[in-house]
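**Q** Pasting in a structure now, in structure tokens, and then I'll have a few things to ask.
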Amino acid sequence: MTDQFDSLPDVRDGLNRKERAILYCLNLTQQELAGRNVPTIMLYGRVLEYVDISKEEFQLILSRFTGLTKMPESPQQKRSPAD
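Using numbering that gives the first Met the number 0, the first residue of the sequence shown is number 0, and each one after it goes up by one.
Structure, rendered in structure tokens:
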């Protein structure tokens, strides 16, 4: 069972638990590989040791980190045409 607060962003840096786990594992693995690129499947396996995450959600977060996709807009960011 997942914690109801897992998807809430932390007030310190705006990352949720899954995002933080991905970045943490990426950093550790890059250090182990002497700065070389980390294969996605290797990173996914290591992230699974910390959090329960689907392949699709992992890919979505990873692509957002690399700038391939945009973050969804929050209701506060949307403006009506009358503004």
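Each residue gets a CB set at the ideal place from its N, CA and C atoms; glycine is no exception.
Owing to the predicted nature of the structure, the values given are computational and were not obtained by experimental measurement.
Whose C-alpha, out of Asn36, Leu25, Asn15, Ser62, is nearest the C-alpha of glycine 44?
**A** Checking every option, the nearest Cα to that of glycine 44 belongs to Leu25.
**Q** What would DSSP say about methionine 0, mapped onto helix, strand or coil?
**A** With a pLDDT of 48 at methionine 0, under the threshold of 50, the modelled position of that residue is not reliable, and the figure given next carries that caveat. Three-state result, methionine 0: coil.
**Q** Label alanine 20 either buried or exposed according to how many other C-beta atoms from any shown protein chain fall within 10 Å of its C-beta, with 16 as the threshold for buried.
**A** Looking at its Cβ environment, which holds 16 or more other Cβ atoms inside 10 Å, alanine 20 is buried.
**Q** In this structure, does DSSP put alanine 33 in helix, strand or coil?
**A** Reduced to three states, the DSSP call for alanine 33 is coil.
**Q** Mark isoleucine 60 as exposed unless 16 or more other C-beta atoms lie within 10 angstroms of its C-beta, in which case mark it buried.
**A** Flag for isoleucine 60 reads buried.
**Q** Applying the criterion that 16 or more other CB atoms from any shown protein chain within 10 Å of the CB defines a buried residue, is lysine 17 buried or exposed?
**A** Buried, since its Cβ has 16 or more Cβ neighbours within 10 Å.
**Q** I need the boundaries of the alpha helix (DSSP H) containing glycine 44, first residue and last residue.
**A** Residues 39-47.
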